[in-house]
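Protein sequence lines correspond, in order, to chains D and R.
Per the working numbering, the very first residue in the first sequence carries number 1; after that it's consecutive.
Per the working numbering, the very first residue in the second sequence carries number 1; after that it's consecutive.
For every residue, glycine included, the Cβ atom is placed at its ideal position computed from N, Cα and C.
Structure first, commentary second.
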Amino acid sequence: MHKKLAELEATGTKMLMEINTEEALKFWYQKFLSRQGELTQLLKQLGSLSVEEKRTFGKACNELKVELEGQFKMRQNELAQKTIEHSLKEEWIDLTAPGKEYPTGHIHPIAQTQEEVERIFQQMGFTVVDGPEIESEYYNFEGLNVPAHHPARDMQDTFFIEKEPHNDEGYLVLRTHTSPNQIRAMRQYGVPIRIIVPGRCFRNEATDTSHEHTFDQVEGLLIDKDISIAHLKGVMIEFLSRLFKKKMRVRFRPGYFPFVEPGMELDMSCIFCNENGCRVCKHTGWMEFMGCGMTHPHVLRTGGIDPDEYGGWAFGFGLTRLTMMRYGINDIRHFNGGDLRFLEQF
Amino acid sequence: MKLSLNWLREFIDIPSKHTGADIGKLLTLHTAEVESIEDEAQAYEKMRVGKVLKIRPHPNADKLRLVDVDIGKEQTVQMVCGGKNLYMNMLVAIALPGAKVRWHGEGDLAELTEAKIRGENSHGMICAGEEIGLDPDNTPTSTEIHIKNLSSLKAKPGTPLSEALKKNDVVFDIDNKSLTHRPDLWSHHGMARELSVIFKKPLKKSKALFNFKAKTPAKGALKINIKDQEICPRFSACTVSGVKITESPQWIKSLLQTVDIRPINNVVDVTNYVMLELGQPMHAYDCELVGNTLEVRYAKKGESLETIDHKKRPLHEQDPMVANAKGPLGVAGIMGGANSEIREATTEVILEAANWNPQIIRKCSMRHGLRSEASQRFEKGLDPHLTERAVHRAIVLLEETCPNLQLMSPITTVGDWQPSSLKIKFRPETTRSKIGLNLSNTEMIRILKTLDFKVTPKGKIWEVTVPSHRATGDVKIEDDLVEEIARIYGYNEIPDQLPALPICLPLENEERIHKHDARRILAYQLGFTEALNYSFYSEEDFHRAGLQSLRHIRVKNALSNEQTHMRVSLVPGVLKNIAKNGREHAQMKLFEIGRTYKETGEFMPLEEKWIVTAIAYPPSKNEIFYDAKGALESFLKKFRTPNVFLKECTTPPAYAHPKKTVEIVACGEPIGYVFTLHPSVARAFDIEHDVGCFELNFTKLVSQGRKTAQFKELPKFPNMPFDVSLIIERKKSVAEVERTIRSGDPHSLIHSVKLFDTYEGPNIPQGKKSLAFTIELRHNDHTLSDKEFQETQRAVFEAIEKIGGQVRKG
């Protein structure tokens, strides 16, 4: 018996040393250590032995089992290590072949810009409000100090809705700007108020690369006590600097909008040339950004606010134009063109 | 509006150190937007006066000659020239290398370089008039190039051409929109007044401009009868004789040309000149044709007039007219009539300068679609003082070409206008606070005074009197004075300052937040791409989608037939996107979030926000409905709207496949649909793809609120799954089979039932289908025993068999 055990140990160890494949290793395990293996077979013969022999032979068997299992594990590790080393050495994949495509969608560039604008103004304490896109002439014009037959009505060619006019509010129009919401918001929320109104506006004008009859605007309104032009300058510098992620400068020039007095245009430092002058800013270093001014007392009164007690300012800038600047889009018609080759770029 | 710097200089001495660009920038910053600045001299850069010294034949060309030209500074150069009219000592315009010329007066400007022409050097070129923007010298019958002869200029060779030609003006183009509220700035004199404030230089004395020599007769022969007072607050006129129609003097012609007004004859040019100089439009009538009596009235019913643009215009009863006893002579303030136009033979002229009611002019000009230089000015509200001054000025200017000019009538002014002074209460303290700058009282007074306001600075509330040229609507209230001070002092002197944050926090706009969330879920989680479509579409669009039975809101003045109706649904727009992109894309997933506009009977239409999604694949056997349904289910799960159910749909929308549509219901109210596109609608939109959609009324969806996720304890014991595959009648619904499976659950162990396969076709009997489910069992207290597992399995099989299903075992 002991001789058999010794033979088993010798052949087992020898065979194990010669094994080079995982398969052979599996086979070796079957042969020696499994339930049907040779060692188990030997142990099965234990019954025919005396108690003393049982003890010593059993012990020897177990020792051999532990020994062989130990060797097996080692060999297994060695082989595994070899396989890994082999694979590290030999394997090659084409790293230039494309990765697997995970289809994702895209949010419209105007919506992305709008969210960014809303986020910044909300950080500065502005509420985002909304209003109807089909407006009455009253809110779109008269309430904003643009009476019928005022030359300023030429500045915004208007789409009219086919419907009988309202006695007080006149015809329905597609809002030509987001400004009607100045009055709606003042009436709804009272003072103090600081809001922005991003939204779609319409003008009846022919379309080309830089003109669209449908575009988005952002209106801003801040009414409180002791509000000045200096505050408007402060807020716009902060907004633009956060949006473009660099220190921006602004300049005011006189401008005319009947719902503000003084009325101004605000230019921002050219984002393409840092005020050095380039083709985009027509070598002035400045880019036109928005119309703004101190809210006209007529508008305050229409909004139910006493202009002797409260005052403030309003502004309106083109979200569409801002989006064009932000992404370098050269044709405004892409926005509503619904072409995936455009939309998938954002 | 165009302004000539030379013209402005007649009224103000602008220090010469200021370039055109400087002046333009200052105007932009303080007054009105200068859109462009055109420096005349720039067009003549690298051009000089040259003198022909020698003319020799060209050795290699018959039609060309070699010319030695003295170009000043003791330089003589050779040029190749084809002009036949060259002669010795002739003064010519030469363009040196670097100059930009228009070859033979055609095409774009081209930059000259030193060149060899047929083997001979040409150091620049000798120019014809049309090549450098001057009048051509050749006779109309000749097509040959004639070199511009400058001998009459008597300039020295080498003189810069711009100097020799006196082309040294700078022209500013002012954005008319930025002058909408400033009637006083529509002239050179008005703009000079503004510049005098900006440059702190006084205006030049202008008395001589209005002193004419002609004698005033003792009594007049001109009668002006204003019948409708509201039309015309002030009307000045005068009849002159001894007029000889001729060309205007060159200086008038060139000033007019500089600002893009075409010279016509001395009388018409004078009226235009006065308008551009003083801002007061004028009109001249041939007195012989008109007679001695003018009346101002509204047009009468049935009247019509041929205007000087030779269009016959039927008149409206609200149109303001200047007329005589026979009928209308002109549309007041807008355009004169052909019947009283100045002719070659005219010798007696009525010069009219009137002040017209801005609104009446504007309405009339819009009614006739007729805007003129005159009407543009009148509709802004001009200073009535100007009328008399304008007539004076016109007579002075006419005397230049008509030395025998006589007045046949005194200068007659009628109208009910009375000079009055508008006074405004002005609070310096409020002004400082509004501007946000600590301006001294002295500075504010200085600014107002130089702008011709009268200031009585007493106490906290001052009294400011508005000058007449600013009192026609432009300056009315204190805020207007704030603007005057701020803009002249300089907006850019104002510091920037952030307002103090209010203690009350802003209101949250939930819908906006949800909208951005919805976009992110659809785009970044479900893989849809956002498109934005116009708010209007065409009649054809909504017919194709079968929406013609819905009441549409129409646009009265649509830009095109494509955009006549406000959309009641976003579906047609998205379908058009699919059709358009379908040519290039096999698979598409698109969405739009936008408004619909519906007629409700109220004055204001109903505007609702909708989400529409569309999935499109090339035609296949897979039912695309399930793609759309899956997208909706995932969206709702992520968006966490509570209590939303899908329901069989009895009245699907017209664009939906009637058998493949379900309704989305929240709190008993339908808020949208999931559907496969109706095959006829797909055809109508030219879509070859399979299209599945869901649409959701976003306004209503958001009004349901949104759940917050609730944590559930993790199960302590493992799931035990088993699959069941069965064959059943094809119209049995999955929902029913699932209910049946759940009913066979003796120990309440079924935790989930998930369909993972459906199949119809070969190997499955006709009219039947195969379904395969994974059923997961679990108990919260213990690991399941074999018995529990087997009993549940058996119960499930039995339940399926009870409804006619055949369980496929093994």
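In the assembly as shown, D/W92 is an exposed residue. Its beta-carbon has fewer than 16 other beta-carbons within 10 Å. In this structure, DSSP gives R/S340 a helical state, which the three-state scheme calls helix. Among the CB atoms of chain R, none fall inside 8 Å of the CB of D/Y29. The Cβ-Cβ distance between R/A616 and R/G582 falls below 8 Å. Using beta-carbon distances, D/K4 does not count as an interface residue toward chain R, since no partner is under 8 Å. When Cβ-Cβ separations below 8 Å define contact, R/E379 makes contact with chain D. Under the DSSP assignment, D/M268 falls in the beta strand (DSSP E) whose first and last residues are 260 to 269. Shown in chain order are the members of the stretch 20 to 33 of chain R whose Cβ falls below 9 Å from a Cβ of chain D: K25, T28, L29, H30, T31, A32, E33.
For D/F160, the chain R residues whose Cβ falls inside 8 Å of its Cβ are V555, K556, N557, in order along the chain. In the three-state DSSP reduction, D/C292 falls in the strand class (E or B). For D/Y29, the three-state secondary structure derived from DSSP is helix. If you draw a straight line from the Cα of R/E562 to the Cα of R/F635, it is about 33 Å long. In the DSSP assignment, R/K576 falls within the unbroken alpha helix (DSSP H) covering 571 to 582. Residue pairing by DSSP leaves R/D175 without any beta bridge partner. Taking a contact to require three or more Cβ pairs closer than 8 Å, the stretch 270 to 285 of chain D and the stretch 50 to 63 of chain R do not qualify as touching. D/G105 places its beta carbon 8 Å or farther from that of R/T113. The Cβ atoms of R/L422 and R/A471 lie closer than 8 Å to each other. In the DSSP annotation of this structure, R/A61 is not part of any alpha helix (DSSP H); the continuous beta strand (DSSP E) holding it starts and ends at 61 to 70.
The stretch 382 to 392 of chain R makes no contact with the stretch 327 to 346 of chain R; the number of CB pairs closer than 8 Å stays below 3.
D/E238: member of the alpha helix (DSSP H) spanning 229 to 244, first to last residue. Non-local C-beta neighbours of R/S196 in its own chain, meaning closer than 7 Å and more than five positions away in sequence, comprise I12, P202, L203, ordered along the chain. The beta carbons of D/V129 and R/N168 sit no closer together than 8 Å. Following the DSSP letters along the chain, one finds R/K25 inside the alpha helix (DSSP H) bounded by residues 20 to 30. Within the stretch 39 to 52 of chain R, no residue places its CB atom closer than 7 Å to a CB of chain D. Non-local C-beta neighbours of D/R253 in its own chain, meaning closer than 6 Å and more than five positions away in sequence, comprise E265, ordered along the chain.
Looking at the DSSP output, R/M47 sits in a beta bridge with R/A95. Within the stretch 231 to 261 of chain D, the residues whose Cβ lies closer than 7 Å to any Cβ of chain R are, in chain order, H231, K233, G234, V235, I237, E238, R251, F252, R253, P254, G255, Y256, E261.
At least one C-beta of chain D is nearer than 8 Å to the C-beta of R/L526.
Boundaries of the beta strand (DSSP E) harbouring R/M720: 720 to 729, taken from the DSSP string.
Taking C-alpha positions only, D/A80 is separated from D/S34 by approximately 21 Å. Neighbours of D/L222 in chain R, taken as residues whose beta carbon is under 9 Å from its own, are P499 in chain order. Residue-level contact by beta carbon holds for D/T214 and chain R, with a gap shorter than 8 Å.
Of the candidates R/L397, R/V243, R/P679, the residue whose Cα lies closest to the Cα of R/K253 is R/L397. Look at D/G105: its C-beta is under 8 Å from a C-beta on chain R.
DSSP places D/R253 in the uninterrupted beta strand (DSSP E) bounded by 250 to 254.
For R/K166, the closest C-alpha among the options R/K177, R/N176, R/K154, R/F172 is that of R/K154.
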